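Peer 1:
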Amino acid sequence: MYRVIAYDEPTDKAGYVIHDPVVGLAASEGKLTISSSQTNTLSLTLNQANKLFGKVRPMHTHVEVYDSDNSELLFRGRALKPEREMKSNGQFIQTYDFEDIDSYLIDSVQRYIEIANATPEEFLKKLIEEHNSQVPEYKQFTVRKVTVTNKKDDTLRKVDYQTTKDAIKKLLIDSIGGSIIVEYKDGKNYIDYLKSPGQDHSMEAPLKIAENMQSAKVAIDPSKVITRLIPLGAQIETQKPEEKHDDSSDDGAKLSGPMHAVNGDWGPAIRFGAKCMKVDITDTQVALFKDVIKHESGGSETVVNEWDDNFNAGHPSIGLLQFTQPTYDAYGFPQFKITTGFGQIVTTLNDSNWETDLKLGGWGPTGKRRFDKFPVDITQSGTGGGWGSPFPSAGHGTFSGGQLFGVHAGGEFRQNGFHDGLDFGSVDHPGSDVHAIHGMKITRIGYMGGLGNYFVGHSDDGYNIDYQEAFASRSDIHVKVGQYVKTGQVVGTRTTSHLHVGITKKDFDYALRYAFTNNGTWIDPEPLIFGKSKQTRLLNEKNFLSIKPTDSPLANQTLDIQAGVDMFNKAKAAHLEYAMDYRRADILTNQKHADCSSFVSFFVELAIHETDQTLYNTETLHGFLKNHGYLLHYEGTNKTLPAMQTGDVIIMGKKGQSAGAAGHTAVMKDADTVLECSTGWSGGYPDGADVFEHGKSSNPTLANWFSYDANNWSGEWYWYLYRFSGNIPEQDSGDQKGGTIKSGVRYTIAPVNDGKDYLDIPEFQKEFGIINGAVTWDSIKDPVQLLTKGKAWIKAQKASTNTFTVSAIELNEYERFKVYDRYLFINPYVAEQQLLTVIGKEIDLNKPHKSTMTFGDKTTKLTDYHNDFKKVSKDIESLKSTISTVSGDVSSMRGGTSSTELATISEQLGTVDVPQLKKDYEGTQKDIEDSKTRLETAETDLKVVKEDDEATKQTLEEQKKTIADLDERLKKLEGGNANGTGV
């Protein structure tokens, strides 16, 4: 029995009883729902005779529900809006819903705050402290017990104007698990955060069919199964130094280089001076410069001519190129004295006519001054923001094809043949000290599979520079996070066979996703470090000449998206009409007609400069794309688009079933816009054209266009996404260039999983098909570790959710079963013996025997589900054989054969372990004769067969009906009815 006490105000100390059958007070109806996943609720229906009738004030009135047997408080909550009703007999009733006190947590809003490195208990207390500051005392909570202790590494929890309840759910429960339990005790509200609430009752009396359980039904939900896992790691965050201190610039505004003769050779200083003065100087011009220097001064920076007319006029010729002071002042720069050789070199180059003025046998500037101020800032070599070699003493050196950036002979062992950096070997570039190649701030030091010990620096001019594979141990790296370094500074010691240098202007973590994709994410370090590389140019030319385009499209193809867009615009101007017949080939000439696949075929052929203008359909387009630099990026049944990229090709319709009108295809103009040839949209032929552009501001938008096709597809929905792996022009979109990244992007396994960010589970895909699902490990940044986590997760894969509902009738001590506790459950017809959790109770206050309990969510492994499926399949085959045998036995019985057939039927059906069918058969036997046991029934029937022909006929008819019933159920199991129609 249950007792309900009401309080007009939550602060009242004394209440009044409104339901207690023991004293003759009862609500018309009452249902208490206790749940482990939802707010507990109480529904009360009262008539006019009840004390609470007409007195309920939403949010003020509170009630408490007690178990009368032990005075245990089961529920305390507040009233919501009442419902009023007049019944047909004229009686007025009112129904009230009450919600548990945990709903107090929706009455407060957490202000914006960022909390880092806090334990779950510390974070919960911070939230409750803020909640308590906003609500009256009766709504305040005390954090009592917290057993969830797994603090997330480097976690930064951001609370942004959420209710306290939402913040707890999102940032604690959904993130790291556990359960929130609230309790009202001694006039106070307590909140617990428990890792595993409840107790096991494995040694107590179990729930058992036909003993203390009237019925049990199980609902199996395989909708949560994942057969293609997408492991996700920590969120990628953009790295930006707070200040600019590294003196770097990618526009040539800050440079360092030789400013004096090197072993008597002024050539390096001339070249550096030309770079500063924005002059592309040739080897011939450098040689002329050196000849003039030799003729004028013999290489001396301070020599003074004391014999010519200039000397007699009081302004002698001075220095490397023999300037007079007035001329030097007219063309030079104040930071360089006339007696500095470098100053005279750049002063010469500031003459607009320097190429014709500079000559042997006497020279002088005749042109205009090119720059009023020196065009760059110069820092001393080795301390500034210019570019330099990590092994300066080795000079440029030589690189094999496998060491060079990009696609070259010798690098075929890499995925796509692409190398995202430049390797400095210990043989071709000797030396142990590793020098900074550019000014930068150190933003990260770590270890990652495939990279080894590594560090990353970020420069003011926007480069992220990665040094990896050179450091056998962490101690070989000589910098710290947050430290600023300048070009030439020693940053580590090479203790391996080579140093890999990678450079990108994208976020480093984002760039890792494309370590084997030549899409513009990574930049060739060689031209930056050494200037234009003759070696690289020659190797590229050699590879280009020796490799056919179809052999390695990545070696020489760039996606010329504009060529395809130009064709699209011509088709619009030509008022293209959609046609699937021979006229579809018009797309190649006058753009008068096309269908979806001929349009995409020609678009891609133009974009990759393919001269063989073959038109494909949605079946053959797959092969064409794969042979021309495209990789399959996704296939499946998702009905929302992922982040898209320029040149992406979408093919709708399952391969093998997409020919003709059963398929469709389109191509991405950029990250936000798709182009297609189709019919049905406004603006089509004849007034417009049957080619359409769906983007951010179009109608429909890109997202709506895809959603419409996905949700209105005729037949099985399935689609493919192909992505180009050659050079793609950068596009501005979202938070990064390239259009492939949005905020919140995470680490994936693609860099260590052949470019795929997912793991397939083939044996379960055969059973369930491809069902994509993502699982996140927030603290993991290493793709190798993430791959390991994903594989481990698959072994413990959770598939179907089984929920068991049990009636309370004949259930001993129903009240003893507590939500969150686990009890032994035995029902061989529904499930194997197992320990299940009570996740919900519905208590009927007036009729406790009609109460129910829900056990679950009991999750089974995919392997269990798979084995069960195999077992049922085997049972069905056995059942087919049994029915065939039974049919033969009945025919024999009609012919007057032996009377042992009934026993045979019983024996054969008894071996079939299909629970419901077995149960139905037992019921059929019971209907034949109402005997005490099924065995006695079978024996009696056998005697009747011998002694009474009429009884035998009746038995035969009933057995025939049994066979028909069994056959009907078999058909339903197999997906159809006995007459061959579908279920």
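The sequence shown runs contiguously to residue 1527 in this note's numbering. Ideal Cβ placement from N, Cα and C applies to all residues, glycine included. Given the structure is predicted, the values throughout are model-derived calculations rather than measurements.
Helix, strand or coil for alanine 1117 per DSSP?
Peer 2: Locating residue 1117 in the sequence shown gives position 573, counting from the first residue. It is helical.
Peer 1: Name the DSSP bridge partner or partners of glycine 528?
Peer 2: No answer is possible for residue 528: it lies beyond the span of the chain, which begins at 545 and ends at 1527.
Peer 1: Does DSSP put glycine 961 in a helix, in a strand, or in coil?
Peer 2: On the sequence shown, residue 961 is found 417 positions in, with the first residue counted as 1. Helix, per DSSP.
Peer 1: If we ignore side chains and look at the alpha-carbon of each, how far apart do glutamine 684 and serine 579 end up?
Peer 2: Mapped onto the sequence shown, residue 684 falls at position 140. Mapped onto the sequence shown, residue 579 falls at position 35. Roughly 22 Å separates the two Cα atoms.
Peer 1: With contact counted as at least three CB pairs below 8 Å, one residue from each stretch, are the segment 964-973 and the segment 937-944 in contact?
Peer 2: Yes: at least three Cβ pairs fall under 8 Å.
Peer 1: Would the segment 1007-1014 and the segment 1049-1057 be scored as touching if the rule is three or more Cβ pairs under 8 Å?
Peer 2: Because the criterion of three Cβ pairs below 8 Å is met, the segment 1007-1014 and the segment 1049-1057 touch.
Peer 1: Using the DSSP secondary-structure output, state which residues sit across from asparagine 856 in a beta bridge.
Peer 2: In the sequence shown, residue 856 corresponds to position 312, counting from 1. DSSP lists no partner for asparagine 856.
Peer 1: Any idea if glutamate 1070 is buried or exposed, counting beta-carbon neighbours within 10 angstroms, 16 or more meaning buried?
Peer 2: As a first step, residue 1070 is located in the sequence shown; it is residue number 526 there, counting from the start. Buried, because 16 or more other Cβ atoms sit within 10 Å of the Cβ of glutamate 1070.
Peer 1: Is methionine 603 buried or exposed, if buried means 16 or more other CB atoms sit within 10 Å of its CB?
Peer 2: Start at 1 with the first residue of the sequence shown, and residue 603 comes out as number 59. With fewer than 16 Cβ atoms within 10 Å of its Cβ, methionine 603 is classed as exposed.
Peer 1: I need the straight-line Cα distance from leucine 1379 to methionine 1397, nearest angstrom please.
Peer 2: Residue 1379 sits at position 835 when you count from the first residue of the sequence shown. Residue 1397 sits at position 853 when you count from the first residue of the sequence shown. Taking the straight line from one Cα to the other gives about 15 Å.
Peer 1: Could you check whether leucine 1175 and tyrosine 1264 sit closer than 9 Å to each other, using their CB atoms as the reference points?
Peer 2: In the sequence shown, the residue the question calls residue 1264 occupies position 720. In the sequence shown, the residue the question calls residue 1175 occupies position 631. The answer is no: Cβ separation not under 9 Å.
Peer 1: Just verifying my parser: in three-state terms, what is the DSSP assignment at tryptophan 1066?
Peer 2: The residue labelled residue 1066 in the question sits at position 522 within the sequence shown. Three-state DSSP puts tryptophan 1066 in a strand.
Peer 1: Out of curiosity, what's the CA-to-CA distance linking histidine 1153 and serine 1145?
Peer 2: Position 609 of the sequence shown, counted from the start, is the residue given in the question as residue 1153. Position 601 of the sequence shown, counted from the start, is the residue given in the question as residue 1145. For histidine 1153 and serine 1145, the distance between alpha carbons rounds to 12 Å.
Peer 1: Look up serine 587 in the DSSP assignment and say whether it is helix, strand or coil.
Peer 2: By one-based count along the sequence shown, residue 587 stands at place 43. Serine 587 falls in the strand class under three-state DSSP.
Peer 1: Near valine 823, which residues of its chain fall below 6 Å by C-beta distance, leaving aside the five closest residues on each side in sequence?
Peer 2: Translated into positions along the sequence shown, residue 823 becomes position 279. For valine 823, where only same-chain residues beyond five positions count, the Cβ hits under 6 Å are Leu893.
Peer 1: When DSSP labels each residue in this structure, what does glutamate 1260 get in the three-state scheme?
Peer 2: As a working note, residue 1260 is residue 716 in the sequence shown. Three-state DSSP puts glutamate 1260 in coil, outside helix and strand.
Peer 1: Can you give, in chain order, each stretch of the alpha helix (DSSP H) that sits fully within the segment 868-954 and has at least 4 residues?
Peer 2: Counting whole runs of 4 or more residues, the segment 868-954 contains the alpha helix (DSSP H) stretches 869-875, 885-893 and 898-901.
Peer 1: Measuring straight from C-alpha to C-alpha, what distance separates lysine 575 and leucine 618?
Peer 2: The count along the sequence shown starts at 1 and reaches residue 575 at position 31. The count along the sequence shown starts at 1 and reaches residue 618 at position 74. Cα to Cα, the separation comes out at about 12 Å.
Peer 1: Looking only at C-alpha atoms, which of Ser1323, Pro1327, Asp1304 and Ile1324 sits nearest to asparagine 1316?
Peer 2: Sequence index remark: in the sequence shown, residue 1316 carries index 772 (1-based). If we check each option's Cα against that of asparagine 1316, Asp1304 comes out closest.
Peer 1: Would you report the Cα separation of threonine 771 and lysine 1300, rounded to the nearest angstrom?
Peer 2: For the purposes of this step, residue 771 is taken as the residue at position 227 of the sequence shown. For the purposes of this step, residue 1300 is taken as the residue at position 756 of the sequence shown. Between threonine 771 and lysine 1300, the C-alpha separation is close to 15 Å.
Peer 1: Let me confirm a value: lysine 1213 is counted as buried when at least 16 other C-beta atoms fall within 10 Å, else exposed. Which label applies?
Peer 2: Here the question's residue 1213 lines up with position 669 in the sequence shown. When all chains shown are included, lysine 1213 counts as buried.
Peer 1: By alpha-carbon positions, which one of Gly911, Lys881, Ala660 and Ile882 ends up nearest to aspartate 895?
Peer 2: Translated into the one-based positions of the sequence shown, residue 895 becomes position 351. Of the listed residues, the one whose Cα sits closest to aspartate 895 is Gly911.
Peer 1: Return the residue from the list Lys1198, Gly1228 and Glu643 that minimises the CA-CA distance to threonine 583.
Peer 2: Stepping through the sequence shown from its first residue, residue 583 is reached at position 39. It is Glu643.
Peer 1: Do serine 1333 and alanine 778 have their CB atoms nearer than 9 Å?
Peer 2: As a position in the sequence shown, residue 1333 is number 789, starting the count at 1. As a position in the sequence shown, residue 778 is number 234, starting the count at 1. Here residue 1333 is lysine; the residue named in the question, serine, does not match the sequence. No, the pair does not count as a contact, with Cβ atoms beyond the cut-off.
Peer 1: Using a Cβ-Cβ cutoff of less than 6 Å, which residues in the same chain neighbour glutamate 674 once the five nearest sequence positions on both sides are dropped?
Peer 2: Here residue 674 refers to the residue found at position 130 when the sequence shown is read from its first residue. Contacts found: Gln654.
Peer 1: Is there contact here, the segment 1018-1035 with the segment 956-969, by at least three beta-carbon pairs under 8 Å?
Peer 2: With a cut-off of 8 Å, the segment 956-969 and the segment 1018-1035 do not count as touching, because too few Cβ pairs lie within range.
Peer 1: Considering only residues of the same chain and omitting the five flanking positions on each side of leucine 1072, which have a CB-CB separation below 7 Å?
Peer 2: As a first step, residue 1072 is located in the sequence shown; it is residue number 528 there, counting from the start. Here the set comprises Trp931 and Ile1047.
Peer 1: Does the beta-carbon of glutamine 1106 have 16 or more other beta-carbons within 10 angstroms, so that it is buried, or is it exposed?
Peer 2: Your numbering for residue 1106 matches position 562 in the sequence shown. Answer is exposed; the Cβ neighbour count stays below 16.
Peer 1: Going by CA-CA distance only, name the one from Leu1185, Gly842, Ser861 and Lys1024 that's closest to tryptophan 851.
Peer 2: Taking the sequence shown and counting its residues from 1, one reaches residue 851 at position 307. Among Leu1185, Gly842, Ser861 and Lys1024, the Cα nearest to that of tryptophan 851 is on Ser861.
Peer 1: Starting from the Cα of tyrosine 560, find the closest Cα among His1044, His606, Phe1399 and Asp873 and give me that residue.
Peer 2: Taking the first residue of the sequence shown as 1, we reach residue 560 at position 16. Checked all of His1044, His606, Phe1399 and Asp873; the closest Cα to tyrosine 560 is His606.
Peer 1: Between isoleucine 712 and leucine 668, is the Cβ-Cβ spacing less than 9 Å?
Peer 2: Residue mapping note: residue 712 aligns to position 168 of the sequence shown, counting from 1. Residue mapping note: residue 668 aligns to position 124 of the sequence shown, counting from 1. Yes; because the gap between Cβ atoms is below 9 Å, this pair is in contact.
Peer 1: Going along the chain, which residues of its own chain have a beta-carbon closer than 8 Å to the beta-carbon of aspartate 1192, five neighbours each way excluded?
Peer 2: In the sequence shown, residue 1192 corresponds to position 648, counting from 1. Counting only Cβ-Cβ distances below 8 Å, and skipping sequence neighbours, we find His1177, Val1211, Met1212, Leu1265, Tyr1266, Arg1267 and Phe1268.
Peer 1: So for glutamate 553, helix, strand or coil by DSSP?
Peer 2: The sequence position of residue 553 within the sequence shown is 9, counting from 1. If DSSP states are grouped into helix, strand and coil, glutamate 553 belongs with coil.
Peer 1: Quick check on DSSP: helix, strand or coil for valine 1296?
Peer 2: Here residue 1296 refers to the residue found at position 752 of the sequence shown. DSSP places valine 1296 in helix when its eight states are reduced to three.
Peer 1: Report the rounded CA-to-CA distance for glutamate 1260 versus glycine 1207, giving the unit in angstroms.
Peer 2: Residue 1260 sits at position 716 when you count from the first residue of the sequence shown. Residue 1207 sits at position 663 when you count from the first residue of the sequence shown. Approximately 11 Å, taken between the alpha carbons.
Peer 1: For leucine 1156, does the three-state DSSP call read helix, strand or coil?
Peer 2: Mapped onto the sequence shown, residue 1156 falls at position 612. The question names leucine, but residue 1156 is aspartate in the sequence shown. Aspartate 1156: coil per DSSP, three-state reduction.
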